[in-house]
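Numbering (our numbering), first residue to last: 6 to 471. Beta carbons: idealized from backbone N, C-alpha and C, even for Gly.
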């Protein structure tokens, strides 16, 4: 089946004529209006009002396109032009007419077949910001719960595989856009502005978002856990995933086993692909950033100003100096007539050394005797220090906190602990922070529910004995 077996063969004609920008703007407005409506449907008069309001704001009439439609309005009123645009979009398959109830106004809807096209058009102009860290954590959270859910294929693996592919697609786009992004940010800037920009760029963009995703508690932190969960899916959970695949996709067992194996292999390949993309982004980022800085240096040395000329001459002299003695030689080079350096009265051979301040000997002042501290004060301070050490968030203390909270139980809810002990916030933070550290005597399972207790809002979690 081809694309035009599903859609109207004339689908793209409105976007190829002289009014193409008008049609594109109208489609974007209609998508914003209809995307949350049931069946993407609104009343015909509402759609006409939207287009009429847009044309009024533009303030220009449509240009007649006789080759497209003999009835194209020339100099007609705004309402006629709006009606013509809707009629053109309906005849080419962008809009469909919906059947109305008795005595109800007629309705129009965006063709559901071309919704992916409309979303793509909007994303090209206003690309959505992908939170790489959030997307990766979502994948990790789904896979970490695969053994707890009844339908592991339909509710976990299938969706996690799609999210991995979407994340890699976004990273591919990031890698492909680095050169254009840096060129746009540095184009038309003075050398000083370019160099100043990179100070902020390094802090806000590189360290603030991309580097944070690539290192620390993100890609490399989650990677081993993701591979472990995929190993689990291939081994102890394989039969339950195959059974769920059969129910969801209505297939035979042999086909289900093949497809599940294929899906898990695809997810492994996506993780490996992600690592490759990250390395490629590193390489490209360094190359394009270096080029921008080199461009700034070139502009400084070739801008034709006095500053640029002096900079070029200084670079020439610097390339000729190999030792300190060269500073005392007479300049007989070709640039002598353009620029001269005189050592007398300006600087001499000794001036290349940093000035040193000689320290003067001073008598040692007699230290006042310190009064002996009060014994009770010392005991109080020692108690405070011991209390601090006892409640410090160390691995041993955190295990003790978990043991105290569990008591004789096998599991306890964090929110219930906080309700009974309002001062247990720091202990719960420590338990959550150390939940993946080696040597822990408990496990933490994060719940989907968000609770607010004592003005503190957090994702509830279960502490259970290991």
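Asked, Found
"The segment 117-134 in contact with the segment 50-63 per 3-pair CB rule at 8 Å", "no"
"Start-to-end residues for the alpha helix (DSSP H) that takes in residue 15", "Where residue 15 is concerned, there is no enclosing alpha helix (DSSP H), given that its DSSP letter is neither H nor E."
"Inter-residue spacing [alpha-carbon to alpha-carbon] between residue 46 and residue 11", "20 Å"
"Counted within 10 angstroms of its Cβ, other Cβ atoms place residue 470 as buried (16 or more) or exposed", "exposed"
"Local conformation of residue 46 per DSSP, three classes", "strand"
"Short Cβ contact (7 Å threshold) for residue 232 with residue 145", "no"
"Burial state of residue 14, where buried means 16 or more other Cβ atoms lie within 10 Å", "exposed"
"Pair within 7 Å by beta-carbon distance, residue 246 and residue 157", "yes"
"Inter-residue spacing [alpha-carbon to alpha-carbon] between residue 213 and residue 179", "Bear in mind that the predicted position of residue 213 carries a pLDDT of just 45, short of 50, making it unreliable; the figure below should be weighed with that in mind. So the two alpha carbons sit approximately 15 Å from each other."
"Under 7 Å between C-beta atoms of residue 139 and residue 116", "no"
"CA-to-CA distance, residue 328 to residue 321, given in whole angstroms", "15 Å"
"Local conformation of residue 447 per DSSP, three classes", "strand"
"Minimum C-alpha distance to residue 379 - residue among 387, 372 and 373", "387"
"Distance between residue 283 and residue 363 (C-alpha atoms, nearest Å)", "54 Å"
"Beta carbon of residue 398 nearer than 7 Å to that of residue 435", "yes"
"Under 7 Å between C-beta atoms of residue 159 and residue 249", "yes"
"Those residues which DSSP pairs with residue 115 across a bridge", "100"
"Contiguous beta strand (DSSP E) assignments of at least 3 residues, all confined to the segment 360-424", "416-418"
"Limits of the unbroken beta strand (DSSP E) element including residue 465", "461-470"
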